[in-house]
Each structure stands twice: as C-alpha cells, then as structure tokens.
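These notes are about the structure you will find just below.
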Amino acid sequence: MPEFHQSFQENTLTVLKRQMMVMLRNIAFIRGRGFMVVLIGLLYGSTFYQLDATSAQVVMGVLFQSVLFLGLGQAAQIPTYCDARPIFYKQRGSNFLRTPTYVLANSVSQIPWALAETIVFGSLVYWMCGLKSSVKAFVVFEILLFLTILAFAAWFFFLAAISPNLHIAKPLSMVSILFFVVFAGFVVPKSEMPDYFIWIYWIDPIAWCLRGIAVNQYRSNEFDVCVYDGFDYCTKYQMKMGEYFLSLYDVPSDKSWVWLAVVFLLATYVIFLVFGVLVLEYKRYESPEHITLTAENEEPVATDAYALATTPTSGRKTPAMGAQTDETVTLNVKATTKKFEPVVIAFQDLWYSVADPHDPKESLTLLKGISGYAMPGSITALMGSTGAGKTTLMDVIAGRKTGGTIQGKIMLNGYEASDLAIRRCTGYCEQMDIHSDASTIREALVFSAFLRQHSSVPDSQKYDSSDGAHEAPDHWCGASRRPASIVPG
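The UniProt record's numbering puts the sequence shown at residues 1 to 489.
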C-alpha cells in the first residue's frame with residue numbers, strides 16, 4: 001500500500017488550492033494589510049516627494065525603510081503559522097500530505113499577495129519620491145523588494161516551526177529583527193562594525209537588498225557621471241557622483257552587486273524553506289516531552305497494550321518523542337484485568353423523514369440512505385457543514401428521536417439493536433451542557449453509573465465502570481479535578 005494516496009505533484013496542487021482558499025477567506029487580514037500598504041506608501045511618497053538625489057542620507061533612508069516595511073512586515077504571519085502547525089501535525093500523521101508539499105504550497109500561496117504589495121507600495125514610493133526615472137531601474141527595484149518579502153516570509157515561517165509556541169516565536173522574531181536592522185549597513189555603516197560581527201552583515205538579507213537597490217539607483221546613467229548639478233565629483237573626490245554617495249555608506253559601487261543581491265535573496269528564500277521542511281518533519285511539539293509510562297505492578301497484563309502509532313514511513317523518532325533524559329516525569333498506569341465485550345456500532349441505509357411544517361400532508365426527508373460504522377477502541381469523527389444532518393444522524397442512532405419516520409438498520413456487533421440495547425451499550429452527550437458546574441467529570445460519571453445500573457450490581461463494580469469510562473479517553477488528564485463541561489460543536 002503506498003504511503004500517500006496522491007503523487008507529489010497532485011498533493012502539492014491539492015494543498016495549494018487549500019492554502020489559497022484559506023488566504024482568500026482571511027478577509028480581515030487582506031483588507032488590513034492592503035490598507036496599511038497603501039497608507040504607508042502614500043505617507044513615504046508624500047513626505048519625501050521628489051527628493052534631491054544629492055541628499056544621500058534621505059535617499060538611503062527611504063530605500064532602507066521600504067525594505068524594512070515590506071520584509072519585516074511578514075512577521076505578522078507568525079500567529080497564523082503557529083495556529084496552523086497542530087493541524088499540519090495531525091494531517092501529516094495521517095499521511096494526508098507531505099511536509100515539503102505543505103511548506104511549498106504555503107509559500108507559493110503567498111506569492112500573489114507579495115507581488116501585490118510590491119507593485120502597490122513600490123510604485124508609490126519609487127515614483128512619488130522621484131527615484132531614477134527608468135523602467136529598467138524600476139523593475140530591478142521591484143524584483144529586489146519582491147524577493148525580500150519571500151525571503152522574510154520563509155524566515156518567519158521557519159521561526160514559527162522551530163518555536164514551541166507563539167510566546168517563544170514572537171520574542172525570537174523581535175531579536176532577529178534587531179540583528180537584521182542593526183547590521184543592515186544603514187544604522188551602523190560597515191566600516192564601524194566590529195570585525196567579529198562583520199559576518200552578520202554579509203548574511204543579512206536586508207543588507208543585500210539595500211545594497212542592490214542603492215547600486216541600482218546611484219550607478220544608473222543619470223548619476224554615473226563626474227559633473228552633477230554643477231559640481232565636479234571626479235576632481236574633488238576622484239570618483240563619480242554615484243560612487244561617492246555610495247561610499248558614504250560603505251556600499252560597493254560595482255554594478256554586479258545588483259544581481260548578486262538577486263541571487264543571494266533567492267538562495268536565502270530556498271534555504272529557509274528547506275530549514276522549515278526539516279524542522280516540521282523531524283521536530284514536533286505535538287506531544288509532551290520527557291514522559292515515561294510505568295505500570296504499578298511489574299507483570300504485564302495482556303489486556304493492557306500501549307503502542308505508539310506511527311505512519312507507514314516510520315520507524316523514525318522525532319526529538320520530541322525520542323530518547324529519554326534524566327529529567328523525566330513518571331506516570332503510574334494501573335494495570336487492569338477487567339474484561340468487556342467490544343461493540344461495533346453499524347448503521348445501514350438509514351432514512352429519516354418528518355412532517356413538513358408548512359404542509360402536514362407532505363414530508364421532509366432529512367437523512368437519505370446513510371450507512372457507516374464505528375469500531376471499538378477508536379474515535380470516529382462525523383464531519384460536515386452546518387445543517388448537513390450530523391446531529392440528526394446521531395439522534396437517530398442514539399434513539400433520541402420521538403417523532404418522524406425512521407427506516408434502516410442499526411446494529412451492535414452485527415445484531416439489529418433495540419432502543420433498550422442502544423441505551424444500555426452507549427453513552428450520548430448532546431450539544432448542550434447539562435451537567436452541574438459544581439460536579440467534576442468523574443463525579444458525573446459515577447452519578448450516571450449509579451442511576452443507570454441495576455441495584456443488584458455491586459457498588460464497587462459501578463465505581464470500576466465509571467473509572468474505566470473516564471480513563472479510556474487519554475485526553476482527560478486530571479479529569480477528577482476539573483468541572484464537567486461539554487463544548488457544543
């Protein structure tokens with residue numbers, strides 16, 4: 001049996017469609033981000049309208065702030081990445097998708113928005129601020145800004161993937177932003193950086209983008225001259241006008257730095273994507289670390305089987321689930337020899353209809369030929385949109401419908417079940433909180449056990465059955481200390 005149902009290409013397209021749908025549905029974010037891009041673009045453009053090219057500090061400041069706004073603005077996606085990570089863990093564990101597929105689709109889905117931000121913001125700033133009036137220079141400016149957005153989107157995705165939670169990811173992003181800004185070459189020129197920190201300057205994406213767009217601006221034909229605005233720069237400084245202003249910020253003046261910036265930003269984007277894939281694949285925060293299960297009685301019991309479910313690839317252990325350390329938490333698991341008969345619930349060709357409230361002579365069919373089953377020892381989810389009939393189906397199976405017409409079979413272990421058998425063999429929690437707030441889950445189960453079971457059943461057995469009920473779902477850790485509550489779904 002293949003590990004994945006779809007090929008890599010099909011899986012990537014499927015996940016990409018989903019990611020695009022998720023992005024399109026986030027109307028609040030799209031409107032908010034779009035408004036901010038237009039507002040900041042107009043603010044920069046009007047504040048520095050048709051600036052003087054000889055004011056190098058102003059020109060470099062506008063370029064620097066443009067890179068910062070678009071690049072570091074991607075940090076706003078970190079909460080979204082953190083919220084989506086548990087969903088990815090679950091879907092990856094079920095082999096719904098591949099990790100590279102998810103990371104690639106997530107990144108590609110951001111390209112339209114990155115392109116829109118680049119075009120709108122870049123156009124406003126470039127032409128209103130009066131930068132080099134050249135289509136070629138403008139296109140290069142846009143390309144560098146676009147690649148910077150992608151690189152930082154991949155960087156913040158990697159930070160969200162490697163952080164245990166949002167409370168760690170946000171401070172990490174702030175620290176990284178601090179380094180990116182300080183070592184970009186504008187706040188602190190390259191010549192004033194300590195030698196032992198200069199390597200940060202050479203790996204800083206902001207520094208590379210700023211260097212590229214600065215060279216693109218000042219090495220254009222308009223500024224690559226000796227005499228500009230009546231001043232001879234070659235005579236005074238032994239370099240052309242554009243080279244002189246670039247030297248004030250220790251920016252190399254060779255035109256090749258523009259395309260080197262493009263290559264570096266592309267490589268940075270790919271590297272951060274690869275890092276994101278590796279972290280999501282091999283570092284998981286879906287289960288508590290340093291947990292050891294030990295039985296109180298030394299002899300294993302055949303009915304107690306605790307196994308770690310893995311995907312068909314498996315065998316691999318992630319660091320979150322791997323080797324034990326000295327700082328382990330021991331959970332005492334009571335072995336039991338209680339026996340019970342597992343029950344398979346199946347329903348075949350269920351139909352349910354009720355009288356039409358507008359025309360009592362007619363009927364409305366709410367369920368049409370529904371079939372399914374639920375295996376013992378497993379959790380089966382019934383999913384569907386609002387009004388699809390999930391609650392109606394559950395009410396019919398549980399025998400809670402007192403009106404209407406029901407057709408079809410409901411079976412327990414292959415035998416057609418009566419209403420009494422269903423009530424005795426199943427428990428049913430409706431979409432309402434009917435338990436007392438003062439009662440814990442265990443107390444509610446004990447109370448139910450004493451009401452439902454015959455008086456001839458010993459009290460000890462009733463306690464055992466209620467304890468088994470609340471220990472069965474291993475999600476109810478500490479249930480005896482928590483108030484009973486049912487969340488409507």
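The beta-carbon is built from N, C-alpha and C at its ideal position, and this holds for glycine as well. Keep in mind the model is a prediction, meaning the values are calculated, not measured.
* For Q50, does the count of other Cβ atoms within 10 angstroms reach 16, so buried, or fall short, so exposed? -> By one-based count along the sequence shown, residue 50 stands at place 50. Under this definition Q50 is an exposed residue.
* Asked: Taking the C-alpha atoms as reference points, what is the distance between R219 and F146?
  -> Numbered from its first residue, the sequence shown carries residue 219 at position 219. Numbered from its first residue, the sequence shown carries residue 146 at position 146. Roughly 21 Å between the two C-alpha positions.
* Find out if the Cβ-Cβ distance for the pair N216, V140 is shorter than 7 Å. => The count along the sequence shown starts at 1 and reaches residue 216 at position 216. The count along the sequence shown starts at 1 and reaches residue 140 at position 140. Contact check for N216 against V140 passes: the beta carbons are separated by less than 7 Å.
* Asked: If you drop the 5 nearest sequence neighbours on each side, which residues of the same chain put their C-beta closer than 7 Å to that of M60?
  -> In the sequence shown, the residue the question calls residue 60 occupies position 60. So the list reads F186, A214, Y249, once near-sequence residues are dropped.
* When we look at the beta-carbon of C82 and count the other beta-carbons within 10 Å, is it buried (16 or more) or exposed? -> Numbered from 1 along the sequence shown, position 82 holds the residue referred to as residue 82. Under this definition C82 is a buried residue.
* Touching by the beta-carbon criterion (3+ pairs, under 8 Å), the segment 221 to 236 and the segment 164 to 181 -> Counting Cβ pairs under 8 Å, fewer than three are found: no touch.
* Asked: Measuring CA to CA, which of E362, F64, A207 is closest to L260?
  -> As a first step, residue 260 must be located in the sequence shown, where it is residue number 260. Proximity to L260 across E362, F64, A207 peaks at A207, based on C-alpha coordinates.
* Asked: Considering only C-alpha positions, which residue in the set V396, A105, S455 is nearest to N11?
  -> Taking the sequence shown and counting its residues from 1, the one referred to as residue 11 is at position 11. Closest in C-alpha terms to N11, from the list V396, A105, S455, comes A105.
* When burial is assigned at 16 or more other CB atoms within 10 Å of the CB, is W113 buried or exposed? -> The residue given as residue 113 occupies position 113 in the sequence shown. It is buried - the Cβ of W113 has at least 16 other Cβ atoms within 10 Å.
* Taking the Cβ atom as the reference point for each residue, do T148 and C209 lie within a distance shorter than 7 Å? -> Against the sequence shown, residue 148 aligns to sequence position 148. Against the sequence shown, residue 209 aligns to sequence position 209. If you check the CB distance, T148 and C209 come in under 7 Å.
* Asked: Based on the DSSP secondary-structure assignment, which residues constitute the bridge partners of Y463?
  -> Position 463 of the sequence shown, counting from 1, holds the residue named residue 463. Y463 is not bridged to any residue.
* To do: Return helix, strand or coil for E416, following the three-state DSSP convention.
  => As a working note, residue 416 is residue 416 in the sequence shown. Correct three-state label for E416: strand.
* Using the rule of at least 16 other Cβ atoms within 10 Å of the residue's Cβ for burial, across every protein chain shown, is F8 buried or exposed? -> Working through the sequence shown from its first residue, we reach residue 8 at position 8. Answer is exposed; the Cβ neighbour count stays below 16.
* Mind reading off the beta-carbon distance from V120 to V37? Whole number of angstroms is fine, and I expect it under 8 Å. => Along the sequence shown, one-based indexing puts residue 120 at 120. Along the sequence shown, one-based indexing puts residue 37 at 37. Right, their Cβ atoms sit about 6 Å apart.
* Asked: What number of angstroms, rounded off, separates the C-alpha of P205 from the C-alpha of S466?
  -> Residue 205 sits at position 205 when you count from the first residue of the sequence shown. Residue 466 sits at position 466 when you count from the first residue of the sequence shown. About 60 Å.
* To do: Give a yes or no on contact between the segment 369 to 376 and the segment 436 to 444, applying the rule of three or more CB pairs nearer than 8 Å.
  => Under the three-pair Cβ rule at 8 Å, the segment 369 to 376 does not count as touching the segment 436 to 444.
* **As assigned by DSSP and simplified to three states, the class of V354** => For the purposes of this step, residue 354 is taken as the residue at position 354 of the sequence shown. Looking at V354 - three-state DSSP - the assignment turns out to be strand.
* **Secondary structure of D229, DSSP reduced to three states** => Taking the first residue of the sequence shown as position 1, residue 229 is located at position 229. D229: coil per DSSP, three-state reduction.
* Spatial neighbours of D15 within its chain, please: CB distance less than 7 Å, with the 5 preceding and 5 following residues excluded, ordered by chain position. => Reading the sequence shown from its first residue, position 15 is the one you call residue 15. The sequence shown places Val at residue 15, not Asp. Cβ neighbours of V15 within its own chain (closer than 7 Å, five residues either side excluded): L97, T101, Y102, A105.
* Write down the C-beta distance between A160 and A151 rounded to the nearest angstrom, noting that I regard them as a contact closer than 8 Å. => Position 160 of the sequence shown holds residue 160. Position 151 of the sequence shown holds residue 151. Contact between A160 and A151 is ruled out by a C-beta separation of about 15 Å, above the 8 Å threshold.
* Of the residues I397, Y89, G212, which one's Cα is nearest the Cα of D254? -> By 1-based counting over the sequence shown, the position of residue 254 is 254. If we check each option's Cα against that of D254, G212 comes out closest.
* Asked: With a CB to CB cut of under 7 Å and the five nearest residues on each side skipped, what residues in its chain are close to G408?
  -> To locate residue 408, count along the sequence shown from 1; it is residue 408. F347, Q348, D349, L350, W351.
* To do: Tell me where the alpha helix (DSSP H) around S66 begins and ends.
  => Taking the sequence shown and counting its residues from 1, one reaches residue 66 at position 66. That run of the alpha helix (DSSP H) goes 56 to 72.
* Asked: Sorted by chain position, which residues of the same chain lie with C-beta nearer than 7 Å to G41's C-beta, five sequence neighbours on each side aside?
  -> Locating residue 41 in the sequence shown gives position 41, counting from the first residue. Correct list, in chain order: V120, F121, L124, V125.
* Measure the C-alpha to C-alpha separation of I87 and S456 and round it to an integer number of angstroms. => The residue given as residue 87 occupies position 87 in the sequence shown. The residue given as residue 456 occupies position 456 in the sequence shown. Those two C-alpha atoms are separated by around 47 Å.
* Taking the Cβ atom as the reference point for each residue, do T391 and L366 lie within a distance shorter than 7 Å? -> By 1-based counting over the sequence shown, the position of residue 391 is 391. By 1-based counting over the sequence shown, the position of residue 366 is 366. If you check the CB distance, T391 and L366 do not come in under 7 Å.
* To the nearest angstrom, report how far apart V354 and G387 are at their CA atoms. => What you label residue 354 is simply residue 354 of the sequence shown in a count that begins at 1. What you label residue 387 is simply residue 387 of the sequence shown in a count that begins at 1. V354 and G387: Cα-Cα distance of roughly 15 Å.
* **For F347, the three-state DSSP class (helix, strand or coil)** => For this step, residue 347 is matched to residue 347 along the sequence shown. In the structure shown, F347 sits in a strand (DSSP, three-state: E or B).
* Using the beta-carbon count (16 or more within 10 Å), is R31 buried or exposed? -> By 1-based counting over the sequence shown, the position of residue 31 is 31. By the neighbour-count rule (16 or more Cβ atoms within 10 Å), R31 is not buried but exposed.
* Asked: How far does the beta strand (DSSP E) with I379 in it reach, from first residue to last?
  -> Position 379 of the sequence shown holds residue 379. It is not in any beta strand (DSSP E) - I379 carries neither H nor E in the DSSP assignment.
* What are the boundary residues of the alpha helix (DSSP H) that includes R85? -> Taking the sequence shown and counting its residues from 1, one reaches residue 85 at position 85. Element bounds for R85: 78 to 93.
* **Three-state class that DSSP yields for Y249 in the structure shown** => Reading the sequence shown from its first residue, position 249 is the one you call residue 249. Here Y249 carries a coil assignment [DSSP, helix/strand/coil].
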